[in-house]
Amino acid sequence: MAGKVALEVKNVSKRFPGTLAVDNVSVEFHQGEVHALMGENGAGKSTLMKMIAGSYNDYTGDILIDGEEKLLHTPSISKKNGIGMIYQELSLARPISIAENILVGRLPVKYGVVLDKNKMIKEAKKCLATVKLESLDPEKNISEISQHQAQLVEIAKVMGNNPNILVFDEPTSALSREEVEMLFNIITDLKNKGMAIIYISHHIPEIFRIADRVTVMRDGKKIDTRSIDDVKPEELVQMMVGKTIDKFYSKRKGKIGDTYLEVQDLTRYGFVHNISFKARKGEILGFMGLSGAGRTELARCIVGIDPIDKGKVIKDGEDVTPKNYDDGINKGFAYLSEDRKSQGLFLRLTNEENILSALIPEYSRSGIYKKSNAGNIVMEQIEKLKVSPPNPKVGVGSLSGGNQQKILLGKWLATEPDVLILDEPTRGVDVGAKQVIHDVVTQLADNGTTVLLMTSDLPELVGLSDRAYVIRGGHMIGEIGKEKLTEETALLAANGEGSVCDVC
Amino acid sequence: MGKGVYAMSAKDNTVLVKSRFNDVDDKNGISKLFDKAGVYVIALLLIILGIIVSPTKFLTPDNMLNILRAVGMLGITACGLSFVIYSSQMADMSVPSAMAFSGIITVQFLHFGLVPALILGIMFGMLIGLVNGIVVGYFRANAILWTLAMQFGMEGIMRYVWSGNQLYPDLEPGTSGAAFVNIFRMKVGPVPLLIIVMIVLYIIANIVMKKTKFGNQLKLVGSAYDVAKCTGINVRRTVLYAFLISSFTASVAGIFITSMNKLGVFYLGEGYDFKSVTAIVIGGMALSGGRGNIWGVLGGVLVMGLLNNILTFIGIPTAVQNVFVGLVFIAVVALHTYKLRKVGKDYA
C-alpha cells in the first residue's frame, strides 16, 4: 500500500527555554498514506509539525524530503519543498472572495498591473475542483460560505501550491458528522493520488477510520509507530498516557457527605441539554469531555453567568438557581474561569485588588466599601497558595503564569464558596504551581466544599476526582465511579467508546 | 504549542519579578516626584511661568480667583465626565447638550419657583445620561459614536422645540428669574458660589470613586470589562451610573452657564466636551480606563485655567488659545502612551 518515503525526520530536537519540546524524534512518512500523529496536549506534535512547516530555524537533526536533506528554516522554503499545512484556525480573509483567498500572493495580472479576473476565476475553479467544490462560485466572499466549505477552500488554497506532503492539524473539530465524512472522502482521494498525509487528532475513532499508520508522542518523545491494523484503541490510549506517578496525588482524607448540590434538567439551547447530576458535600466531581463538549458552558449556566432556558440548581435542598452571577456568588457559588487573561484576572491591577475583586459587595455596607473589613484575607491567600513574590501590592500582570493562576484561585477561595467550579485550573502552569493548586483543592474538599472539576488534563482528572461524569456534544453521556476511573477509561468515554461508563 | 513555553522554574520567575521591581525603584528622584504629584508639578511650573510673565498682576488673590472662576464650569463637567472615562467608555460627547438642555428647562419652568425649576432642569439633563447609559451600558453601543449622535440629535430637538430662540428669564427684582441669574454671581465671603460647588463636587466624587462599592467596582469594569463580568459585577448598571453622573454634573454646570449668560439656548455648552476630556487626560486619568484619580482631574482643570490665564497675559487671543489646548492634549496623550509602553503596561 505505502509508496516510497516522502518525508523523513531523523533525530530531530527542538528546545524551548526550560524544556525539550521535541526530543530526538525520527519518523518516516510515506507517499499514498495517511499517517496519524497522536499525543496529549503538550506532547510535542504541534512543535514537530511547525518544524516541518519551517517555523523554526534552530532545530537540530535532519529533515529529508524524497531522500534529500533539506534545511527548512523558513515557511517559504517548506512551501517550495512541497509541504502544505492546514491549520485548525482558518487563515482565510473573510471579507474578500474565495478566488482572491485561494490565489493570494500569486494573483494573475495582465498588462503588468491589471488584475486578470477571468484567469483568476479559472485558476480558482481548478483549485476548488481538487476538493470537489466545482459548484461553488469563486466570486463569493468567504463570509458567505459555511465553516465546512471554508475549511475545504483552505485545503484548495494549499493545494494550489502543488504540495506532496499535506499536514492536517485537528481539521474536524468544528465540523458536523456528515461534513467529517465528506472531508475524509477528499483526504482518501488525495491519498490515492499519491500524496503523503499527516493527520493530527485527539479523536480516536477518526484515527481508525482514516489513518494507515499512527505515531504516538509523549513528553516530546516518540513512543512508537504502528500500523493501524495491529493496534487497539486501548493500546493507543495507554501509549499516549503512559505510566503516571501515583505519589503525585495525595490520598484524600476527608469524608464525603450526603448529596449537597443537585442540578436538574439544565438546558441552554444550543450549548447544554437536559443535564442532571448530583454532587455530595466535600466531593471532587470530575467532568470529562473533549474541548467543545460543553463543560465551560455548563459551568457558566450553573453559576448564572449565562442565562438558562430551563432547569434548576438545588443546593442543600433549596432551589438556588441563580438569576445572574452576582446572585450566584451570593448563594455560595464560584467559578474559576478557563481563560485567566481575558476572563479571570485584572492584569493591570495588583494582587490585593484581584483577590478582593469579588468581595466588594461582601464588605460594603449601604454602598460604602470598607477594605479594612477584609482584614488579613489577602495575605492568607497569598501564603496559603505560596505566591511568589508574596507581595500584595505587586501588579498581577508581572507574575508568571503559575503565580497568576494561584492569584485567580485565591480570588475565588476568598469568597469562601460552598460549591467551587474549576475550569482548567492548571492549564499552562508549571509543575510546582500545579502541585500547590492540587493540594489546596484537595484540602478544600476535605473541609467540606463541593468541587466540580472540569479539566482536559487526564492525570489531574483521575488523580483528584472522586467520581466523574462524561459530557459530549452538550449532553451528559454517563458516569464513571472512582474504582473504574483511570486515564484510559476517561479518554475512551470522552471519545464515545461507551461501554466503560454507566449510562445515566 | 510545546510545554516549554510555559514551564518556567519558580526561581527564574522570582529573578524576573525582582528585576522588574528594581526597574521601578531605580527611577531618579525627580521622575518619582513627577509620578506621584504629576499634574500639580506642571501647575507649579505654570505658576512660576506666570510670575515671570507678569510679576505684579499674576500672583494676586484677585487673579487666582479669576482663574478658578474661569475654570469652575469646566471643573464641574470634568468631574462627572471622569467617571465615564474611568469606566473605559472613552468619553461622553453629549455633555454640551446636557448643559444647554438643563439650562433651557430651568428657564422654561422658572414660574414654578427657583428650586423646582432647578430640580426639573437637572432631571431633564440627566435624562440624556439615562439614555446614554442604557444604550451604551445595556446595548453595548460604541460610547463615542452614540454620545456624538445624542449630542447632534439633542441639539436638533432643542432648536426645533424652541424654534432656535434664546430663552430669557424674567429679570424683575424679586422674581425667581432674578434669583436664577444671581446664582452665578453669588459669593460666600470673597469666594464665588461656583467655586464652592465645584470643590464640594470634587470631595463627593473622590468619596464615591474611592470609598463606595460602586466606585471600586467601576475601577474593575474600567480595568477589564469581561473580567469584571466574570467576577459577578453588574457591568451594565455600573456603566449606566457612570453616564448618569456625567449628565448630572453637566446639568449643574449648565445651570451656572445659563445663569451667567442670562439666557438659555442650545449652543451654550459648546466646547465643554473636548475641554473636559483634555483636563481629565492632563490630570493623569487614562483613556483606557481604571487608572488615575479625581484630584488629578482637578489638577488638570487648574492647569487648563493657568494656561489660558498666562496666554491672556501674554496677549494671545482666545481663538488661538484653543489651538494651544489642542496641542497640549496631543502632547499629553502621546507622553502618556509612551510612558505606559515603556514600562510594558499597555495591556489591551
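Protein chains in written order, with the working numbering: chain A, 1 to 504; chain B, 1001 to 1348. Backbone N, C-alpha and C fix where the C-beta goes; we use that ideal spot for every residue, glycine too. Just so it is clear, the structure is predicted and the values come from calculations on it, not from any experiment.
- At the C-beta level, proline 417 of chain A and alanine 334 of chain A come within 9 Å of one another.
- In the structure shown, serine 201 of chain A falls within a coil segment according to DSSP collapsed to helix, strand and coil.
- If you draw a 10 Å sphere on the C-beta of tyrosine 1160 of chain B, you find fewer than 16 other C-beta atoms in it, and that means exposed.
- For the C-beta of leucine 1220 of chain B, the chain A residues within less than 7 Å are, from N- to C-terminus, Phe346, Ser357.
- DSSP places proline 1192 of chain B in the strand class (E or B) of the three-state scheme.
- Secondary structure at asparagine 1308 of chain B: helix, using DSSP grouped into helix, strand and coil.
- Pairing tyrosine 1272 of chain B with glycine 474 of chain A, the inter-Cα distance amounts to about 53 Å.
- If you ignore the 5 residues before and after glycine 410 of chain A, its C-beta comes within less than 6 Å of the C-beta of Ile355, Gln381, Leu385, all in its own chain and listed in chain order.
- Under DSSP, alanine 53 of chain A shares a beta bridge with no residue.
- Boundaries of the beta strand (DSSP E) around threonine 225 of chain A: 221-227.
- With a threshold of 16 other beta carbon atoms within 10 Å, glutamate 338 of chain A meets it and is buried.
- As the crow flies, the alpha-carbon of valine 313 of chain A is around 38 Å from that of glycine 242 of chain A.
- In the structure shown, histidine 73 of chain A falls within a coil segment according to DSSP collapsed to helix, strand and coil.
- Residue state for glutamate 28 of chain A is assigned as strand, using DSSP reduced to three classes.
- In the DSSP annotation of this structure, glutamine 264 of chain A is not part of any alpha helix (DSSP H); the continuous beta strand (DSSP E) holding it starts and ends at 259-268.
- Chain B places a beta carbon closer than 9 Å to that of glutamate 353 of chain A, counting this residue as a contact.
- Bounds of the beta strand (DSSP E) holding alanine 279 of chain A are 272-280.
- Look at glutamate 424 of chain A here: in three-state DSSP terms it is coil, with no helix or strand label.
- The C-beta separation of glycine 375 of chain A from glycine 402 of chain A comes to about 27 Å, leaving the pair out of contact by the 8 Å criterion.
- Looking at the DSSP output, glutamate 318 of chain A bridges to A:Lys315.
- With a contact defined as Cβ atoms closer than 8 Å, glutamate 283 of chain A and threonine 450 of chain A qualify at about 6 Å.
- Our two residues, valine 320 of chain A and lysine 331 of chain A, have alpha carbons roughly 7 Å apart in a direct line.
- Taking 9 Å as the threshold, the shortest C-beta distance from glutamine 343 of chain A to chain B falls below it.
- Annotated as distal: leucine 444 of chain A and alanine 490 of chain A, with beta-carbon spacing of 9 Å or more.
- Under the Cβ criterion (8 Å, minimum of three pairs), the segment 95-106 of chain A does not count as touching the segment 77-87 of chain A.
- Counting only Cβ-Cβ distances below 8 Å, asparagine 1234 of chain B has contacts in chain A at Asn324, Asp326, in chain order.
- None of the residues of the segment 1073-1102 of chain B has a beta carbon lying less than 8 Å from any beta carbon of chain A.
- Nearest to glycine 1137 of chain B by alpha-carbon distance, out of B:Val1197, B:Lys1213, B:Ile1233, B:Ile1052, is B:Ile1233.
- Residue pairing by DSSP places isoleucine 480 of chain A opposite A:Ala468 in a beta bridge.
- Within the same chain, and ignoring the five residues on either side of isoleucine 77 of chain A in sequence, the residues whose Cβ sits closer than 6 Å to its Cβ are Gly54.
- Within 10 angstroms of the beta-carbon of arginine 1185 of chain B lie fewer than 16 other beta-carbons, which makes it exposed.
- Take glycine 395 of chain A, set aside five residues on each side of it, and the residues of its chain with a beta-carbon closer than 6 Å to its own are Thr350, in chain order.
- Per DSSP, the unbroken beta strand (DSSP E) holding histidine 35 of chain A starts and ends at 33-38.
- Under the Cβ criterion of 9 Å, glycine 1215 of chain B is counted among the residues facing chain A.
- At a cut-off of 9 Å between beta-carbon atoms, glycine 367 of chain A makes contact with chain B.
- Sequence-ordered contacts of the segment 1276-1294 of chain B with chain A read Gly1290 [C-beta pairs closer than 7 Å].
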